[in-house]
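Novice: Just passing along the structure, written as structure tokens.
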Amino acid sequence: MKKKLSTTDITGVILAGGRGSRMGGQDKGLIDFNGLPLVEHLLNALQPQTGAVLINANRNHERYQRYGLPVVNDELSGFQGPLAGFAAAMQEAKTAYIMTVPCDGPTIAPDMAERLLQALQQNDAELAVAHDGERLQPVHALIPVSLLPSLLAFLENGDRKIDLWYAQHRMARADFATCRDMFRNINTPEQQAEMEGAKIPLPSSTTPFPILGFCAWSGTGKTTLLTELIPRLKFAGLRLTVIKHGHHNIELDTPGKDSYRFREAGADQVLLASRKRMAMMQECKTQREPELVDVLHFVNPDCADLVLVEGFKHTAIPKIEVHRPSLGKPLLFPDDSHVIALATDDMTLETPPHITKLDINQPDQIAEFVLNWMKKGETPPSTHHIRSAPSCADDLDPTSLSVAAASSRIMDALQAVSPALKRPLRDALGHILAEDVISPLNVPNHVNSAMDGYALNGTDLPGDAIREYRVIGTAFAGVPFSASCAQGECVRIMTGAPMPTGTDTVVMQEQTEAGAAGRVRIGAGHRSGQNVRQAGEDIAKDSCVISAGRRINPADLGVLASLGISELSVYRPLRVAFFSTGDELRSIGETLRDGEVYDSNRYALYGMLKQLNVDILDMGVVRDDPTALEAAFLQASAIADVVITSGGVSVGEADYTKLILDKLGQINFWKIAIKPGRPLAFGKLGNALFFGLPGNPVAVMVTFLQFVQPALLKLAGQTADQALLVDAISQSRLKKRPGRMEFQRGTVSRAADGKLVVEKSGYQGSGVLSSMSKGNCLIILPEASATVEPGDVVQVQLFGW
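Going left to right, the sequence shown walks through residues -4 to 796 as the working numbering numbers them.
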């Protein structure tokens, strides 16, 4: 029975072994942050939640040792990165696990150890790594010291990438999406100044209204305080939105009500509207806790001079902490730099100068504090401002779907549509296997020699001295030796030849020497069974060689040929029809007039479809005419499994596509929180699946790669395979505002030090197709991320062409 682990089995490890190059060579663990060295902030956060703490540092040992904790340096010289620090800590730790944190992030979640441990145990994993909702945070990890031999072997091989070592073990992802702020780190003096001086951090800096949180332990009276504040703030003329984080099921309507029946029937979203009020209920398809930024998408700015938030206490927004000492709970503000005031019933409590102390029993006082806080941050209203509707230029659109949500909806609606057919082995290359291939025989089909040499019985090998053996014959791969081999005898054998009767060991010819006529001399140091391949060692009879859903590649052809298999059951290639829409488009060979352009989208789509081994039906350019569009849709849906169009899915005055598709099919028109892109149509057109892509050339290619290509592969029967993402160091400044996931075009290469680096491939406009041609990857910038500076690590998706 496994021992139940607890946080006392964990040693917290602060990784302070880096060079601090972008901080002018400073030791980042000793940099002052809000009055304390960074390492001290982490010590205060780690000690309550782990059994022990140690520091990994490669310099300034004396200063670190002042904290009375073990200080260990890397065994590898030359600042070899976090893995070297992991290894040093694993050798020093007296507990079963270490929990690692970088020294340059001043905060961690107060339950970090518990979350990692829970993920580890629930997934029966070897190690657990933090995940911020968008990507892994590999330096925030829980690792057993028992993996030290594996790590040392990995490092001795010259490898340094954390994710490659993690990939060798069973890894669990621990969800930290509700406290992403802990992954903000200090890499430059500018970031240090920004984090120290930030008064209103994300997400409020990306919204058109101020946000104020109320944080407290359960039972403190947050809700009561808010119900007293709301009428006072309303009297001051404010329009208020209140957001509450619930940790349980939310039921706003009751059985028998129409809205309840709609939800029970499976509606994903129910809207109620009357003259008095409107309400929205949306079913959450994911099991993760919502983040405040998810909820802010639904806030109507016309109802929000101020947003009051109850809960989401780990989110980086200004907060008033509500505290009653009689409950016996600790204060939150020492571990939360975003608390601006403390509302309490004990006015003798000491607070730092930057935190205002408020009497919880004086709601007028607290309301006045809130109004004054708002005045400090307000800007003069513009006399020339026009409130505009959401558009593709907006970074934050409350009605947009996230990329992940759109992908999930598409993939959930699909199933393989192609029937299976038989193909000769060579013709099956590039097709998708419809049935498992079961091996009819062993490979190799007999016990054979792996070397040219001499076969003999392992029990007859020499002891400490050289011994001479009589050579009684020769075995070839196609001509086996038929006699039996006795003691003192051996058989000359070639690679692949069946092992003669009485032999089970081969001594390679380079480790022998000629003896008397017809004899060979063999020395000591050999072992029984060496240099012999067993029957079925590569492939065992009746085992599954290749599983259904795999796209057959050249190596597969060779394996299947070795089994004598001459034909395969594969799925029929999908039939995909596509065309472009727009009066401004002209095909190659036509003369351009003013305002006209050549249609590049069809050629880009053709190239991407060609690589997927589908049957391509190019229907050309269809003009912006309802009759012509309807005829094209009807023809395409009658002959194809999938129909793809580019253009005509936005809100342009001449975009007739939506009207016609509403008539002919069941189509969803979505706005996706993606750049380039945003408009996307998806649904059924007769018996065919339909994708309506944007009109800009880069947006066409990006949305195809993110949404259409995975869908086509699933429809064609291929087993789901996510795009491979790799980390690279950005060489460029990549401008971005939070709100949409961006796919910027870049060129990734390997620097002189062996690390992957990426730089943007020219201007990033959605109509600049040359950025795709010059580049070899997409640089993925998550929704919540802001501008990337040179030296920051980003994820890239390599093109498959």
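Glycine residues also receive a C-beta, built at the ideal position from the N, C-alpha and C atoms. The structure displayed is predicted, hence computed values, not measured ones.
Starting from the N-terminal side, write out each stretch of the alpha helix (DSSP H) that is 4 residues or longer and does not extend beyond the stretch 754 to 783.
Specialist: 765 to 769
Novice: Taking C-beta to C-beta, are P671 and N608 nearer than 8 Å?
Specialist: no
Novice: Quick check: is any heavy atom of the ligand SAM less than 7 Å from the C-beta of L150?
Specialist: By its list of ligands, the structure shown contains no ligand whatsoever, and the ligand SAM lies outside what it can speak to.
Novice: Could you say if the stretch 77 to 91 and the stretch 37 to 47 meet the contact criterion of at least three C-beta pairs nearer than 8 Å?
Specialist: yes
Novice: Provide the residue(s) that pair with M166 in DSSP beta bridges, ordered along the chain.
Specialist: L122
Novice: May I have the straight-line CA-CA distance separating Q717 from M406, to the nearest angstrom?
Specialist: 12 Å
Novice: Find out if the Cβ-Cβ distance for the pair A338, I315 is shorter than 8 Å.
Specialist: Result yes, Cβ atoms of A338 and I315 sit closer than 8 Å.
Novice: For Q726, which beta-bridge partners are listed by DSSP?
Specialist: Looking at the DSSP output, Q726 bridges to nothing.
Novice: Comparing alpha-carbon positions, which option in M276, L719, S756, F81 lies nearest R155?
Specialist: F81
Novice: Would you give the residue range spanned by the beta strand (DSSP E) that L353 belongs to?
Specialist: 351 to 354
Novice: Rounded to the nearest angstrom, how far is the Cβ of S641 from that of L600, given a contact under 8 Å?
Specialist: 7 Å
Novice: With H, G and I counted as helix, E and B as strand and the rest as coil, what does DSSP make of E278?
Specialist: In the structure shown, E278 falls within a coil segment according to DSSP collapsed to helix, strand and coil.
Novice: Just to confirm my understanding: we take K844, look at its own chain, exclude 5 residues before and 5 after, and list those with CB closer than 6 Å. What are they?
Specialist: Here the chain has residues from -4 to 796 only, and residue 844 is not among them.
Novice: Less than 7 Å between C-beta atoms, sequence neighbours within five positions excluded: which residues of the same chain meet that for P692?
Specialist: S595, N596, A599, G762, L764
Novice: Apart from the five residues just before and just after Q661, which ones in its own chain have a Cβ nearer than 8 Å to its Cβ?
Specialist: G678, K679
Novice: Rounded to the nearest angstrom, what separates G734 and A668 at their Cα positions?
Specialist: G734 and A668: Cα-Cα distance of roughly 7 Å.
Novice: Which residues mark the beginning and the end of the beta strand (DSSP E) in which H318 is found?
Specialist: Judged by DSSP secondary structure, H318 falls within the beta strand (DSSP E) whose first and last residues are 314 to 318.
Novice: On the criterion of 16 or more Cβ atoms from any shown chain inside 10 Å, does A401 qualify as buried, or is it exposed?
Specialist: buried
Novice: Which residues in the same chain have their Cβ closer than 6 Å to the Cβ of L684, if we skip the five residues on either side of it in sequence?
Specialist: Beyond the five residues adjoining it in sequence on each side, L684 comes within less than 6 Å, by CB distance, of V637 in the same chain, given in chain order.
Novice: Out of I547, G453, A136, state which residue places its alpha-carbon closest to the alpha-carbon of R421.
Specialist: When each option's Cα is compared against that of R421, the closest is I547.
Novice: Using a threshold of 8 Å, state whether the C-beta atoms of M446 and T507 are closer than that.
Specialist: no
Novice: Taking the alpha helix (DSSP H) that T310 falls in, what are its first and last residues?
Specialist: Run containing T310: none; DSSP gives neither H nor E here.
Novice: Would you be able to state if there are at least three C-beta pairs under 8 Å between the stretch 722 to 732 and the stretch 696 to 703?
Specialist: no
Novice: Do you know whose CA, among P475, C480, A470, lies nearest G453's CA?
Specialist: C480
Novice: Mark P198 as exposed unless 16 or more other C-beta atoms lie within 10 angstroms of its C-beta, in which case mark it buried.
Specialist: Only weak support exists for where P198 lies, its pLDDT of 36 falling under 50; the value from the coordinates is given anyway. Classification of P198: buried, given that the 10 Å Cβ count is 16 or more.
Novice: Can you name, in chain order, every residue of its own chain whose Cβ lies under 8 Å from the Cβ of K605, other than the five neighbours on each side?
Specialist: I611
Novice: Starting from Q792, trace the beta strand (DSSP E) both ways and give me its first and last residue.
Specialist: 788 to 793
Novice: In terms of residue numbering, what span does the alpha helix (DSSP H) encompassing K217 cover?
Specialist: Per DSSP, K217 belongs to the alpha helix (DSSP H) from 217 to 230.
Novice: Return yes when the Cβ of V8 is within less than 8 Å of the Cβ of G24, no when it is not.
Specialist: In this structure, V8 does not lie closer than 8 Å to G24 by Cβ.
Novice: Looking at the secondary structure, which residues open and close the beta strand (DSSP E) in which R740 lies?
Specialist: 736 to 745
Novice: So, G448 versus N526, is the Cβ gap smaller than 8 Å?
Specialist: yes
Novice: With which residues is D613 paired in a DSSP beta bridge?
Specialist: F573
Novice: Give the DSSP bridge partners of A52, in chain order.
Specialist: A11
Novice: Quick check: the Cα distance between L563 and P419, rounded to an integer number of angstroms?
Specialist: 6 Å
Novice: Report the residue from A633, I655, S632 whose alpha carbon sits nearest the alpha carbon of G643.
Specialist: I655
Novice: Among A572, G690, L688, which residue has its Cα nearest to the Cα of S632?
Specialist: A572
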